[in-house]
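Notes follow the structure.
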Amino acid sequence: MSEPYKRAQIGLIERSNRTVREKLRVLCNKNFDNWDTHLSSILANLRFCPTEKNKLSPLELVYGFNAFLPQRKKSNSNNLKQFIFKAKNYRKSYLKRMARNYNKTSKYTNHDKLYTPNNPISSKEQNLFKIKS
């Protein structure tokens, strides 16, 4: 989904839709009656494969780590240790970002300060006034 009249976003969405249609055309039979069986593998391909531009998969860009799929599993214990190490580091950085964002918004959700009508508010300071009784 995208906002209406955002040409750049609509163009990216249309391009990804075209890619899905092209892959369906290759994988499906002549009547295209089995398209639904191939859709999940096509979407997984788009999400898990690195792009040419930045060499990262969309999943890695969003979540910070690549998918750990069964066919990628290796018996090497170093890979598992490295994966666990990366997951722990990602968790720490995620928790820091989450706390920072929570603290950033929590100072604006203080319910004891309320706006009173007919009191001016400066646009730079955004002062909130307590209700006078």
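The numbering of the sequence shown is this note's numbering, which starts it at 997 and goes up by one. Cβ atoms here follow ideal geometry from the backbone N, Cα and C, with glycine treated the same way. The structure displayed is predicted, hence computed values, not measured ones.
Taking the alpha carbon of N1041 as the reference point, which residue from K1019, N1074, K1049 has its own alpha carbon closest?
In the sequence shown, residue 1041 corresponds to position 45, counting from 1. It is K1019.
Cutting at 7 Å between CB atoms, please list the residues of its own chain near A1083, excluding the five before and the five after it.
Within the sequence shown, residue 1083 is the residue found at index 87, counting from 1. Counting only Cβ-Cβ distances below 7 Å, and skipping sequence neighbours, we find F1061.
May I ask you to report which of helix, strand or coil DSSP gives S1053?
Mapped onto the sequence shown, residue 1053 falls at position 57. Coil, per DSSP.
Determine the direct distance from the alpha carbon of S1037 to that of I1009, and round the result to whole angstroms.
On the sequence shown, position 13 is the one that residue 1009 refers to. On the sequence shown, position 41 is the one that residue 1037 refers to. Distance between the alpha carbons of I1009 and S1037: 19 Å.
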